[in-house]
Amino acid sequence: MRRVDVIVVGGGPTGENVAQYAHDGGLSVLLIEGELLGGECSYYACMPSKALLRPLDVRATSEHLPGLRPAELDVAALLARRDAWVSHYDDTSQLDWATGAGLDVMRGHARLVGEKTVSVSSDGGASTVVEAGVALVLATGSVPVVPPMFADLHAWGSRDATGVVEVPDRLVIVGGGVVACEAATWMSALGSSVTMLVRGDALLTDQEPFAGAAVLDALRTAGVDVRLATRITDASRAGAADTGLGRVHGGPVTLAVERDESGSERIVADELLLATGRRPRLDDVGLDAVGVNADDVRAGRLPTWLHAIGDAGGGAPLTHMGKYEARVLGARLAGAHETPPPRDVPVPQVVFTDPQVAAVGSSEAQAREAGHDVVTVAVPFASAAGTALLRDDGVGSAKIVVDRATGCLLGATFVGHEAAELIHAATVAIVGQVPIGVLRHAVPSYPTSSELWLRLLEELPTNLR
Ligand SMILES: Cc1cc2nc3c(=O)[nH]c(=O)nc-3n(C[C@H](O)[C@H](O)[C@H](O)COP(=O)(O)OP(=O)(O)OC[C@H]3O[C@@H](n4cnc5c(N)ncnc54)[C@H](O)[C@@H]3O)c2cc1C
Ligand SMILES: NC(=O)c1ccc[n+]([C@@H]2O[C@H](COP(=O)([O-])OP(=O)(O)OC[C@H]3O[C@@H](n4cnc5c(N)ncnc54)[C@H](O)[C@@H]3O)[C@@H](O)[C@H]2O)c1
Numbered sequence: 001m002r003r004v005d006v007i008v009v010g011g012g013p014t015g016e017n018v019a020q021y022a023h024d025g026g027l028s029v030l031l032i033e034g035e036l037l038g039g040e041c042s043y044y045a046c047m048p049s050k051a052l053l054r055p056l057d058v059r060a061t062s063e064h065l066p067g068l069r070p071a072e073l074d075v076a077a078l079l080a081r082r083d084a085w086v087s088h089y090d091d092t093s094q095l096d097w098a099t100g101a102g103l104d105v106m107r108g109h110a111r112l113v114g115e116k117t118v119s120v121s122s123d124g125g126a127s128t129v130v131e132a133g134v135a136l137v138l139a140t141g142s143v144p145v146v147p148p149m150f151a152d153l154h155a156w157g158s159r160d161a162t163g164v165v166e167v168p169d170r171l172v173i174v175g176g177g178v179v180a181c182e183a184a185t186w187m188s189a190l191g192s193s194v195t196m197l198v199r200g201d202a203l204l205t206d207q208e209p210f211a212g213a214a215v216l217d218a219l220r221t222a223g224v225d226v227r228l229a230t231r232i233t234d235a236s237r238a239g240a241a242d243t244g245l246g247r248v249h250g251g252p253v254t255l256a257v258e259r260d261e262s263g264s265e266r267i268v269a270d271e272l273l274l275a276t277g278r279r280p281r282l283d284d285v286g287l288d289a290v291g292v293n294a295d296d297v298r299a300g301r302l303p304t305w306l307h308a309i310g311d312a313g314g315g316a317p318l319t320h321m322g323k324y325e326a327r328v329l330g331a332r333l334a335g336a337h338e339t340p341p342p343r344d345v346p347v348p349q350v351v352f353t354d355p356q357v358a359a360v361g362s363s364e365a366q367a368r369e370a371g372h373d374v375v376t377v378a379v380p381f382a383s384a385a386g387t388a389l390l391r392d393d394g395v396g397s398a399k400i401v402v403d404r405a406t407g408c409l410l411g412a413t414f415v416g417h418e419a420a421e422l423i424h425a426a427t428v429a430i431v432g433q434v435p436i437g438v439l440r441h442a443v444p445s446y447p448t449s450s451e452l453w454l455r456l457l458e459e460l461p462t463n464l465r
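All the letters of the sequence shown, read from the start, carry residue numbers 1 to 465 under the UniProt record's numbering.
Below is the structure:
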């Protein structure tokens, strides 16, 4: 049997980071990956989606900046850019990085078979048993949730949308969350006639309501048919088949859809994209062999040698949060002395729609629900010269949520063009618990987007400033 200090199962961004931090702290580490080293993010999620979205953002900017001729979309070149960013689904460069960083990498599917022990089976059927001296980390990521009604349709998942090869003429997207909104943006730009079927009465419901409303307006303006408060009662498809990543998976899909105000109707589409959430990938890692289950993972009821982090751990399923958990755990396993983290680390997220939604910490509703007495202020996104100069269509708003008792920021949301880079200032202010009275001495350069901070702080009651 092979022995190492730390076994990491899953070589996505979370697994790679925990492995690197533990190794740099002096431990021997084995990183086990069953598919592509780099994980969902590098090949099927963050990288391809943002590679597709960025040129579209630049094109839209060119349409709103007098002095420029609007940029023209070159679909073949856009897809080629996506292919380059996913390294043509080849993980050689990631493997080079890992071995260069001193990590031992094993290919194959790992299952727990006993305390601190996994069995790794390779494609050829051979299996190797490995034991960890210190810890075993599950960084196995997540899988898409497929509602049972769609189980036999070979509907597209987010992998097909980011890996699009054949652009369906008519695409129905089920869901109103992040994947649905981002995918609707690039699929409609690529030429699909997109219908979004959303069961709730808003988009992006985890965010401040004005964020979902702005994205809804923008998608509709771009020609996406967004139908809220819908219920799909039946779904069928002739000739459903796995024709390959990003290709249309069979004949037309027929959906029976009910809406409160307009009764029921039939919708026919060439492809169906399910964007109905994700859940931790824990079904096939042998949890039962060590007497735990997925609920134990979610509740943190694990033996001290076993850890589940990143998407697998059930926290915010975001690359940067997985990497953060990985840095903290990797250093801790190696015995590094670290400043203890604040009790609640705020979660930042950017939705790369047009306009972008960038948020961190609590929304007003979440803060009130948590029992905070809050003061909130909002300003138009274009109310600073720096943001107004970005584009002449100036949509969006910015809002902050301040704790009246401490005078510190609890949350911030920026909705507008290139809003993404504004959010880290809010993250720093929340983690640093910087009182507003101090924050107002952080002077933003003129004319930059950061001047929105000034506009927001000026709106607060004088006793808080
Ligand atoms: C379309 C889309 C776009 C996204 N965009 C963003 C974004 O812009 N920003 C952002 O922060 N997040 C984004 N996310 C979320 C992000 O992709 C995930 O949060 C991130 O990939 C999680 O990293 P991870 O390492 O925990 O898991 P993963 O990246 O899923 O990696 C897990 C790895 O473990 C391997 N594995 C699983 N089980 C085993 C086993 N038993 N044995 C061996 N190997 C195993 C898998 O093959 C995989 O490579 C997006 C998600 C989607 C679906
Ligand atoms: N830019 C980013 O940071 C980014 C981009 C994409 C994905 N992600 C991550 O990936 C995760 C998954 O994204 P997602 O959009 O799939 O999930 P989500 O939880 O954001 O949205 C799921 C949507 O599907 C709907 N839904 C769920 N079950 C349904 C059903 N049976 N019928 C009809 N509608 C149903 C929900 O109401 C919701 O609108 C997100 O939590 C996010 O953290 C992040």
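Built from N, CA and C at the ideal position, the CB exists for glycine as well.
Scanning its chain for C-beta atoms nearer than 6 Å, with the 5 sequence neighbours on each side dropped, one finds around P144 the residues G157 and R278, in chain order. By alpha-carbon distance to V226, the top candidate from H372, A378, V253 and V198 is V198. Boundaries of the beta strand (DSSP E) harbouring F414: L409 to G416, taken from the DSSP string. Residues E33 and S122 of the same chain have their beta carbon placed closer than 7 Å to that of R107, with the five preceding and five following residues left out of the count.
The way I'd put it, the segment 7-24 does touch the segment 321-335; three or more beta-carbon pairs between them come closer than 8 Å. With respect to the 8 Å criterion, M47 and V86 are classified as neighbours on the basis of their beta carbons. Rounded to the nearest angstrom, the gap between the Cα atoms of E16 and V6 is 12 Å.
Of the candidates C41, I423 and L78, the residue whose Cα lies closest to the Cα of L53 is L78. For the pair V130 and V9, the CB atoms are not nearer than the 8 Å cut-off.
For G15, the enclosing alpha helix (DSSP H) starts and ends at P13 to D24.
Going by C-alpha positions, H88 is about 31 Å away from L204. For A189, the number of other beta carbons within 10 angstroms of its own is at least 16, and it is reported as buried. Distances from the CB of E182 to the heavy atoms of ligand 2 include at least one below 7 Å.
Distance from the CA atom of V105 to the CA atom of R343, rounded to whole angstroms, is 34 Å.
Relative to D169, the option among A214, L138 and V224 whose CA is nearest is V224. DSSP places P444 outside both helix and strand once states are collapsed to three, so it counts as coil. In this structure, DSSP gives R404 a state outside helix and strand, which the three-state scheme calls coil. In this structure, the C-beta of P346 stays at least 7 Å away from each heavy atom of ligand 1.
For V395, the closest alpha carbon among the candidates R266, R81 and V379 is that of V379.
Ligand 2 has no heavy atom closer than 7 Å to the beta-carbon of Q356.
Its Cα nearest to that of G191, the residue V164 stands out among V164, L216 and Q207. Within 7 Å of the C-beta of L245 there is not a single heavy atom belonging to ligand 1.
Relative to ligand 2, the beta carbon of R259 is positioned no closer than 7 Å to any heavy atom.
Assigned with DSSP and collapsed to three states, V431 falls in helix. Between the C-alpha atoms of D234 and G100 there is a straight-line separation of about 52 Å. Residue pairing of A235 in beta bridges, as defined by DSSP: L255. Contact annotation, L452 with S383: C-beta distance approximately 7 Å; criterion of less than 8 Å satisfied. Taken atom to atom, the span from the alpha-carbon of L390 to that of C181 is near 23 Å. Taking C-beta atoms as the reference points, P317 and S142 count as a pair closer than 8 Å.
Selection L36, R159 and G67 evaluated against A98 yields L36 as nearest (Cα-Cα).
T413 places its beta carbon 8 Å or farther from that of Q94. Look at the beta carbons and you see the segment 253-273 not touching the segment 207-220: under three pairs across the two are nearer than 8 Å. Annotated as distal: L456 and V350, with beta-carbon spacing of 8 Å or more. Scanning its chain for C-beta atoms nearer than 8 Å, with the 5 sequence neighbours on each side dropped, one finds around A289 the residues R111, L112, V113 and G114, in chain order. By the neighbour-count criterion, in which a residue is buried when 16 or more other Cβ atoms sit within 10 angstroms of its Cβ, T462 is exposed. A direct Cα-Cα distance of roughly 30 Å separates G386 from M187.
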